[in-house]
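Novice: Have a look at this one.
Numbering (the working numbering), first residue to last: 17 to 177.
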């Protein structure tokens, strides 16, 4: 029954309970969506909704941060849910790790290297060795002979050409 009208359906009025079992009110529900840290990201979706409405929760990380999950470990983003009671969710963000890739030449007179620097976790970084006149690139310190070479950064890394 509509919110606020349950009293009209009680056993003492109109005898509705003899026809229906478990009469419930369908009231609006409150969805509260917050960020674990406003510096790391923002959220959308908070508000008052009709009972049974579908709400969309969205977590938007700020630069340098990433969305991890909602406080119930759900990782959907955006997330859709049917609301049947007051509910609260917290979006959990974390800083994106920054790693350093160091590239050096074993002998600067034989050639130069490029691509070193600081990059976010998971970045694909191209490192290149450029041989000086009269020399040729042989390999990187780990034996890889690709040049240029693409590295997916998951930790601080160093390569010597």
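All C-beta atoms, glycine included, are put in the ideal place defined by N, C-alpha and C.
Cutting at 6 angstroms between CB atoms, please list the residues of its own chain near residue 116, excluding the five before and the five after it.
Specialist: For residue 116, the CB contacts under 6 angstroms within the same chain, skipping 5 residues up- and downstream, are 134, 172 in chain order.
Novice: How many Å lie between residue 96 and residue 167 at the Cα?
Specialist: 36 angstroms
Novice: Look up residue 134 in the DSSP assignment and say whether it is helix, strand or coil.
Specialist: strand
Novice: Where do the ends of the beta strand (DSSP E) carrying residue 81 lie?
Specialist: 81-86
Novice: Which runs of the beta strand (DSSP E) spanning at least 3 residues fall entirely within the region 92-128, listed in chain order?
Specialist: 95-98, 103-111, 114-120
Novice: Grouping DSSP H, G and I as helix and E and B as strand, with all else coil, what is residue 140?
Specialist: strand
Novice: When we look at the beta-carbon of residue 59 and count the other beta-carbons within 10 Å, is it buried (16 or more) or exposed?
Specialist: buried
Novice: Tell me, please, whether the region 147-155 touches the region 103-115 by the rule of three or more beta-carbon pairs shorter than 8 angstroms.
Specialist: Contact between the region 147-155 and the region 103-115 is absent: fewer than three C-beta pairs spanning the two stretches fall below 8 angstroms.
Novice: Quick one: any contact between the region 40-56 and the region 66-75, if contact means 3 or more CB pairs under 8 angstroms?
Specialist: yes
Novice: Do you know offhand how far residue 81's Cα is from residue 53's?
Specialist: 11 angstroms
Novice: Does the Cβ of residue 77 have 16 or more other Cβ atoms within 10 Å, making it buried, or fewer, making it exposed?
Specialist: buried
Novice: Could you check where the beta strand (DSSP E) with residue 48 kicks off and where it finishes?
Specialist: 45-51
Novice: According to DSSP, which residues form a beta bridge with residue 67?
Specialist: Answer is none; residue 67 lacks a bridge partner.
Novice: Output needed for residue 146: all residues of its chain with C-beta closer than 6 angstroms, excluding positions within five of it in sequence on either side, in chain order.
Specialist: Result list for residue 146: 127, 128, in chain order.
Novice: Please confirm whether residue 73 and residue 49 have their CB atoms less than 7 angstroms apart.
Specialist: yes
Novice: So, under 8 angstroms CB-CB, residue 103 and residue 47 are touching, yes? Tell me the CB distance rounded to an integer number of Å.
Specialist: 5 angstroms
Novice: From 162, 177, 56, pick the residue whose C-alpha is nearest to that of residue 110; which is it?
Specialist: 56
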